[in-house]
Structure formats: structure tokens, C-alpha cells
Amino acid sequence: MENPFDGFDENTEIKHVVASDLMSDVLVIDDEDFLLVTSLNSDQVVRTADIVGASGIILVNGKKPFSGLVKLADEHELPILSTELSCFETCVALGKLL
Amino acid sequence: MTTKLTTGIKTDSMRKIQKLMKENSITGVPILDNKRLIGVVSINDILSALDGAYIDEPVDKHMTRKLIVLEADMPLSFAISYFDKYQFRRFPVLNSNKELVGMVSSRDILTCLLFEINKEIENLESKIVHPGINPAERGHIHKEFITSKFNFETAGKASTEIKKILKKIGLDRKIIRRIAVAAYEMEMNQVVHSYGGKIICLINDEKVKIIAADSGPGIKDVEKALEEGFSTANDWIRSLGFGAGMGLPNIKRVSDEFTIQSQSGSGTTVASVIYINKGE
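Going down the list, the sequences are from chains L and R.
Counting from 3, one number per residue, gives the positions in the first sequence under the numbering used here.
Counting from 295, one number per residue, gives the positions in the second sequence under the numbering used here.
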């Protein structure tokens, strides 16, 4: 992971985890303050996360956010992380933390 | 103009230039002596070289030396008039030191004009007041945003702006979220399915109304479109994370009032009303 805690601080609250590559599915979820786990590397990930009030984004499968995406995430004050783990492995790891 | 240039020198063979053309898919190669332009080898020159069997000779003898050039600070309209005046497909561009800095093709000019036209259209469209709105509905805040087909770079910007406005007013977080989700789904629908349109946000003391009005092509079967999971989106749109057939049902779900009007062949208008004082 790169700068694993950049953007997160002790006030960042994570209540749920949502894993999906389909932003349409993320938009129907009623929870807020969730961590979005996805392999979709596009502007729409940050925009969707902002609209639904997600706490942060984890890009899985070793996807590195392209530079424009980091900038957009900064503008929305959304932390964005990337991991070499697969979506399933990431969810298992997060599940152990919950 | 194009500034990444493929160039040759006078000792290059005609055959070498022909290869350069093939490799770079171009039809003219400027020949330089230091940075000074001394000639151009065109496709015609290459054809003549093949015909006359001197393709292996240096370009120095066979390139076109009588050149019409443009200067870098000339206005674009000047360049356009040159295309009318001369039958060349491209013109070399020189700076004030007579050094070659680029080539202008008719394609460069078209791209530039198209870009300017789009900018102007956006500018004009932003001035149009949408006729479908009853003046009494205008409320305290009235914001309009333009969306364009398949422009995923800006898709979502209108909703982000709307969300910011609602936050500024200080609405309840849950209400803001519902409105933002409705606006975002409408915006994505326009980008994915329509020829482009407008997202209009009207706010007064009691409610927020989001209207999405596009210019076509209209929905064939509105009832079907309202079913969860029904979608006409194609695979590459799905690869962008949309097109799951949840958009319209989701707008309906978060709205207090929801209307949709559409006809195949004309535009679609979707409206969502969310009351902001509900439950207080």
C-alpha cells in the first residue's frame, strides 16, 4: 500500500464496508460512512463515494489510482488507498478488523 | 498545429523518407538543415522517385523546395485561407528565427474549430432558460447544469455542485444524500443514454426539485425502464460501473414525488421532489 493512512485521521469513522465494481449498486445502499472496496479506477468512483458519503476508497487488485483521480479525491477530502490484494482477500482482511 | 514532427536531413535517401511516412502514417516529411527548413518530401515526390527509379538517391536532389510556409504568430483564419489558395494538404510553420516549429494540417484546423464551436455552444446553452419550468416554481435558488453524451470526465460534476449548495444551506445530511443520489443518477442517465441535456435544481423553503431534461432519443417503454434491472446500456458502459438498470428505480426510491415523461424519438424529462422539512 502507498501512504496507507494518508487522508484518514482519528475522526474518520468507518461503520460498514461495501465491495462493488458497479457504482449503480453502491448508489442504492442506504448506509453512510462506509469504506468502498472496488477495482474500478475511474472518476466515477470518487464522485459516487462523495455522493453517498463514503469514508474512503480502497482500490484492489494492485490498481493504482491515476493522477487525476488522486487530485479529485483530494478535492472531495476522500482518502484513497490501493492494495495488491484481490477484492475477496481485502474483504476478508477488513472483516477480521471489524 | 502538430509540434511533434518527423523530419529528415538532406543526405537521407528517398527510401528512408518513404519508410518514415509508412511508420508514422504521414504524407509529408520536412527536410531540415540544422533547424532551418530546406524542403519537403511529399507522397508525390516519393511516387515520382519510384517511377523514375531514383528512390535510393538522397532527398537533396528530389525534394520539393518551393515551399509555402506559415509563421507561428499568424492567425488561424490566415492558415485557413492558405488551404483555399494552395492545393497543399499541410503547411510548415516557422518561428521568427525561421526555424521549423510545427506543421498545420486541415485536420488540426478542424479539431481546433470543433473545440471552439463546442465551447461556444456550451456558452449559449447556459443562457437558455428552460421553458418547462413554471415561474412560480423557481424558488430561491435556481441552478442549471449542462451534460453531454458520453462525457464521463465531467459526469457527476453537476451533482457534486448541487450537493455543495445543499450543504451550504445546512440541510439534514440524510436529506442531502437522497437529493444527491437522485441528481447523480439523473446525470449519469443523461451521459449514458441521452444526446445530452440539462440538470436543473430548484430550491425553496419546503422542497428541492431536481429536473433532468434531455434532447432525446427518448425511452421506448417507460414502464419497462422503471423496472429494477432493466437496462439498455452496453458492455463498455457497464465496464465504467454503470448501466445496471437501477437508475430510475433508485431515483424513485429516494424521491417524495417522482415523474417521468418520455416519448421515443423526442426527449425525456425526469423530475424528483424531495421535501426538506419532512418529519419536523
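All C-beta atoms in this analysis are idealised placements derived from N, C-alpha and C, irrespective of residue type, glycine included.
Considering just the uninterrupted stretch of the alpha helix (DSSP H) at residue 26 of chain L, what are its terminal residues?
Taking the first sequence and counting its residues from 1, the one referred to as residue 26 of chain L is at position 24. That run of the alpha helix (DSSP H) goes 25 to 28.
Report the residue ranges of all beta strand (DSSP E) runs contained in full by the stretch 462 to 531 of chain R; include only those spanning at least 3 residues, in chain order.
Correct list: 490 to 497 and 501 to 508.
Find out if the Cβ-Cβ distance for the pair residue 470 of chain R, residue 451 of chain R is shorter than 8 Å.
The sequence position of residue 470 of chain R within the second sequence is 176, counting from 1. The sequence position of residue 451 of chain R within the second sequence is 157, counting from 1. Taking 8 Å as the Cβ cut-off, residue 470 of chain R and residue 451 of chain R do not qualify as a contacting pair.
If we ignore side chains and look at the alpha-carbon of each, how far apart do residue 296 of chain R and residue 394 of chain R end up?
Taking the second sequence and counting its residues from 1, one reaches residue 296 of chain R at position 2. Taking the second sequence and counting its residues from 1, one reaches residue 394 of chain R at position 100. One C-alpha to the other measures close to 11 Å.
When the cut-off is 8 Å and only beta carbons count, does residue 55 of chain L lie next to chain C?
Chain labels in this structure do not include chain C; the protein chains are L and R.
Cα-Cα, which of R/520, R/400, R/462 and R/544 is closest to residue 372 of chain R?
The sequence position of residue 372 of chain R within the second sequence is 78, counting from 1. Ranking R/520, R/400, R/462 and R/544 by Cα distance to residue 372 of chain R puts R/400 first.
Got a sec: does the ligand NAD put a non-hydrogen atom nearer than 7 Å to the Cβ of residue 441 of chain R?
As presented, the structure is devoid of all ligands, the ligand NAD included, so that no description of it is given.
Which partner residues does residue 447 of chain R have in the DSSP bridge list?
Here the question's residue 447 of chain R lines up with position 153 in the second sequence. None; residue 447 of chain R has no bridge partner.
Are three or more beta carbon pairs between the stretch 303 to 313 of chain R and the stretch 85 to 99 of chain L nearer than 8 Å?
At 8 Å Cβ cutoff, the stretches do not touch.
Classify residue 359 of chain R: buried if its beta carbon has 16 or more other beta carbons within 10 angstroms, exposed otherwise.
Reading the second sequence from its first residue, position 65 is the one you call residue 359 of chain R. When all chains shown are included, residue 359 of chain R counts as exposed.
Which residue comes first and which comes last in the beta strand (DSSP E) that contains residue 315 of chain R?
Residue 315 of chain R sits at position 21 when you count from the first residue of the second sequence. Note, residue 315 of chain R: premise wrong, no beta strand (DSSP E); alpha helix (DSSP H) at 308 to 318.
Alpha carbon to alpha carbon, how far is residue 365 of chain R from residue 435 of chain R? Give it in angstroms, no decimals.
For this step, residue 435 of chain R is matched to residue 141 along the second sequence. For this step, residue 365 of chain R is matched to residue 71 along the second sequence. So the two alpha carbons sit approximately 50 Å from each other.
Please report the Cβ distance between residue 383 of chain R and residue 397 of chain R, rounded to the nearest whole angstrom; I am assuming they are in contact, meaning their Cβ atoms lie under 8 Å.
The residue given as residue 383 of chain R occupies position 89 in the second sequence. The residue given as residue 397 of chain R occupies position 103 in the second sequence. Not really, about 10 Å apart at Cβ, beyond 8 Å.
Can you find at least 3 beta carbon pairs, one from the stretch 490 to 502 of chain R and one from the stretch 512 to 521 of chain R, that sit closer than 8 Å?
Contact fails: fewer than three Cβ-Cβ distances are below 8 Å.
If the cut is a Cβ gap below 8 Å, which residues of chain L does residue 258 of chain R touch?
Residue numbering for chain R in the displayed model covers 295 to 574; residue 258 of chain R lies beyond these limits and cannot be assessed.
Taking 8 Å as the CB-CB limit, is residue 84 of chain L close to chain R?
Counted from its first residue, the first sequence places residue 84 of chain L at position 82. Not one chain R Cβ lies under 8 Å of residue 84 of chain L.
Could you give the distance in angstroms between the alpha-carbon of residue 58 of chain L and the alpha-carbon of residue 570 of chain R?
Along the first sequence, read from residue 1 onward, the residue named residue 58 of chain L stands at position 56. Along the second sequence, read from residue 1 onward, the residue named residue 570 of chain R stands at position 276. So the two alpha carbons sit approximately 27 Å from each other.
Please check if any C-beta of chain R sits within less than 8 Å of the C-beta of residue 42 of chain L.
On the first sequence, position 40 is the one that residue 42 of chain L refers to. Closer than 8 Å: yes.
Who are the Cβ neighbours of residue 5 of chain L in its own chain at under 6 Å, not counting the five residues just before and after it?
Position 3 of the first sequence, counted from the first residue, corresponds to residue 5 of chain L. The predicted position of residue 5 of chain L is uncertain, since its pLDDT is 48 and thus under 50; a value taken from the coordinates is nonetheless stated next. Result list for residue 5 of chain L: empty, nothing under 6 Å.
Within the same chain, show all residues whose beta-carbon is closer than 6 Å to that of residue 488 of chain R, passing over the 5 residues directly before and after it, in chain order.
Taking the first residue of the second sequence as 1, we reach residue 488 of chain R at position 194. Hits under 6 Å: 508.
Does DSSP put residue 360 of chain R in a helix, in a strand, or in coil?
Here residue 360 of chain R is taken as the residue at index 66 of the second sequence, counted from 1. Note: residue 360 of chain R maps to coil in three-state DSSP.
Would you mind telling me which residues of chain R sit closer than 7 Å to residue 24 of chain L, beta carbon to beta carbon, in chain order?
Looking up residue 24 of chain L in the first sequence gives position 22. Ordered by position in chain R, the residues that pass the 7 Å Cβ test against residue 24 of chain L are 535 and 538.
Return the CA-CA distance between residue 367 of chain R and residue 328 of chain R, expressed in angstroms with no decimal places.
Here residue 367 of chain R is taken as the residue at index 73 of the second sequence, counted from 1. Here residue 328 of chain R is taken as the residue at index 34 of the second sequence, counted from 1. Their Cα atoms are separated by approximately 22 Å.
Going by the CB atoms, is the gap between residue 480 of chain R and residue 506 of chain R shorter than 8 Å?
Start at 1 with the first residue of the second sequence, and residue 506 of chain R comes out as number 212. Start at 1 with the first residue of the second sequence, and residue 480 of chain R comes out as number 186. Yes, the pair counts as a contact, with Cβ atoms nearer than the cut-off.
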